[in-house]
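Quick note: the sequence shown uses the working numbering, first residue 23, plus one each step.
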Amino acid sequence: MPSPDRITVQSLKTDCRFFRGDVPCKPHKQFDVHCFDEQGKVCSHYQQTKENILIIKLGAIGDVIRTTPLLHLFKKKFPRAKIWWLTLTPEVVPSSVDVVLKWNHASLITLQQIPFDRIYNYDKDREACALASSLTSKKKFGFVLKNGIPSPANKLAEAKFLTGVFDDANKANTKSYLEELFEIAGEKFKGEKYILDNFAGDGYAWKLPKGKKIIGLNSGCGGRWTSRLWADENWISLAKRLKKAGYVPLFLGGEQEHEKNVILAKKSGALYFGHFPLKQFINLVAQCSLVVTAVTMAMHITLALDKKIVLFNNIFNKHEFELYGLGEILEPDFDCGCFFSPTCPNNCMQYLSVETVVESVGRILKKSK
């Protein structure tokens with residue numbers, strides 16, 4: 023290492039991907055290296071960054087997870103870019119992102135001082151659009167605020183914008199959400215996968231039988247669109263059928279589903295371990311061979327972990343979902359008009375039979391052998 027008197031502020035490699043400024047960089051802490059050695063040779067860990075890219079994707083958690091395929095594109099197209107990501111849930115942002123910021127006052131004043139080369143705002147919430155408009159950047163993609171209204175930043179975002187303001191435009195859309203995301207970035211989706219840690223190294227232990235396929239049963243759907251709920255008696259019947267077929271049914275859910283899942287597990291003989299913090303829940307899903315779920319955070323976690331899936335859908339455009347060949351989308355056998363409706367006057371999910379779900383599980387797992 024160079025002697026302290028030879029180190030100057032001017033000699034620092036502040037454009038290095040690892041340079042922090044507020045604390046020592048990781049290579050220095052791990053290997054005791056400096057920007058230059060005694061012979062004046064540049065540190066072997068030096069990675070020059072030439073531009074700053076900001077991704078704004080705040081929430082919901084599932085939406086943050088399904089935005090991660092873009093990182094494959096950005097890392098390939100802009101290998102020397104420092105990538106920043108602003109979100110409400112930093113836990114699910116991949117470690118390959120250089121700087122992950124949680125939405126708060128400290129993060130906002132930090133971002134205001136950074137000259138970005140590209141900003142990609144994928145949220146149409148007013149506050150996200152306002153921030154994208156206020157920050158300095160050579161190019162902006164996605165959505166900004168114009169006259170107090172969330173609006174497309176350029177023509178690339180216009181098609182996606184229209185599907186969000188008119189239901190008939192949404193119904194007519196045949197592109198997946200990921201195709202739309204890549205289109206907004208001016209690129210074509212080529213099957214890039216989700217990126218999500220399974221937190222296997224965090225020490226979580228589950229009492230699950232070995233040698234059997236674990237089938238996750240995610241019984242909830244959040245509180246916003248309860249029209250997606252499948253009847254409790256159906257979950258009980260499904261769990262019993264799966265158990266009889268030699269599988270291990272495991273109920274999944276959050277705090278909102280806890281009391282229900284306790285009852286479902288007791289009546290069906292299925293497993294249920296409780297509700298957990300996000301990282302632990304992700305690790306639990308990682309133990310499953312297949313997950314049966316509505317369109318929820320659990321759906322995105324399942325896909326991100328490359329697990330098989332049976333997806334229930336009744337109120338969304340089925341073309342929106344990219345399953346990567348991992349499963350099937352099941353819809354009620356009923357022509358219902360509850361598109362994007364919080365409640366369904368016909369309770370159309372009653373027309374999705376247990377038998378249909380059992381057959382789907384069997385088909386998918388048979389293909390995976």
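Note that CB positions come from ideal geometry on N, CA and C, so glycine has one too. Only a predicted model underlies this, so the values are computations on that prediction, with no experimental measurement involved.
- In this structure, I217 sits near L93, with a CB-CB distance shorter than 8 Å.
- Just measuring C-alpha positions, the residue of R102, E180, N336, R263 sitting nearest F356 is N336.
- With respect to the C-alpha of V317, the residue from Y346, F298, L352 having the closest C-alpha is L352.
- Contact annotation: the region 194-202 touches the region 331-347, with at least three C-beta pairs closer than 8 Å.
- When secondary structure is reduced to three states using DSSP, Q302 falls in the helix class.
- Within the model, the alpha-carbon separation for P49 versus K97 is close to 21 Å.
- For S259, the CB contacts under 7 Å within the same chain, skipping 5 residues up- and downstream, are V376 in chain order.
- Using a C-beta cut-off of 8 Å, the region 356-372 makes no contact with the region 265-282, since fewer than three inter-stretch Cβ pairs fall below that distance.
- If the five residues before and after G43 are omitted, its C-beta is found closer than 8 Å to the C-beta atoms of T36, all from its own chain and listed in chain order.
- With 16 or more other CB atoms across the displayed protein chains lying within 10 angstroms of its CB, K182 is buried.
- Restricted to the region 185-240, the beta strand (DSSP E) segments that are unbroken, complete and at least 3 residues in length are 236-240, listed in chain order.
- DSSP, reduced to helix, strand and coil, places C38 within a strand of the structure shown.
- Taking 8 Å as the cut-off, the beta carbon of A150 is found no closer than this to the beta carbon of L239.
- Rounded to the nearest whole angstrom, the C-alpha separation of V313 and K329 is 7 Å.
- Rounded to whole angstroms, D219 and G225 show a C-alpha spacing of 14 Å.
- Residue burial is scored here from C-beta neighbours: E214 has at least 16 other C-beta atoms within 10 angstroms and is therefore classed as buried.
- As summarised for the region 113-151, the continuous alpha helix (DSSP H) elements at least 4 residues long and confined to that stretch are 127-133, given in chain order.
- Nearest Cα to R102 within the set Q70, L178, E381, N126: Q70.
- E279 and M321 have their C-alpha atoms roughly 16 Å apart.
- One thing to note: N169 has its Cβ no nearer than 8 Å to the Cβ of A154.
- The beta carbons of E350 and S311 sit about 15 Å from each other, so the pair does not count as a contact at 8 Å.
- Judged by DSSP in its simplified three-state form, V45 adopts coil rather than helix or strand.
- In the structure shown, the three-state DSSP call for A267 is coil.
- Only residues of its own chain outside the window of five on either side were considered, and among them C151, F165, V166, L167, F183 have a CB closer than 8 Å to the CB of S173, listed in chain order.
- When DSSP states are grouped into helix, strand and coil, E350 belongs to the strand group.
- Considering only Q309, I141, A292, D190, the residue with the shortest C-alpha distance to K160 is I141.
- In this structure P271 is buried. Its beta-carbon is surrounded by 16 or more other beta-carbon atoms within 10 angstroms.
- Sequence-distant partners of G208 (beyond 5 residues in either direction) whose C-beta falls short of 7 Å from its own C-beta, in its chain, are L178.
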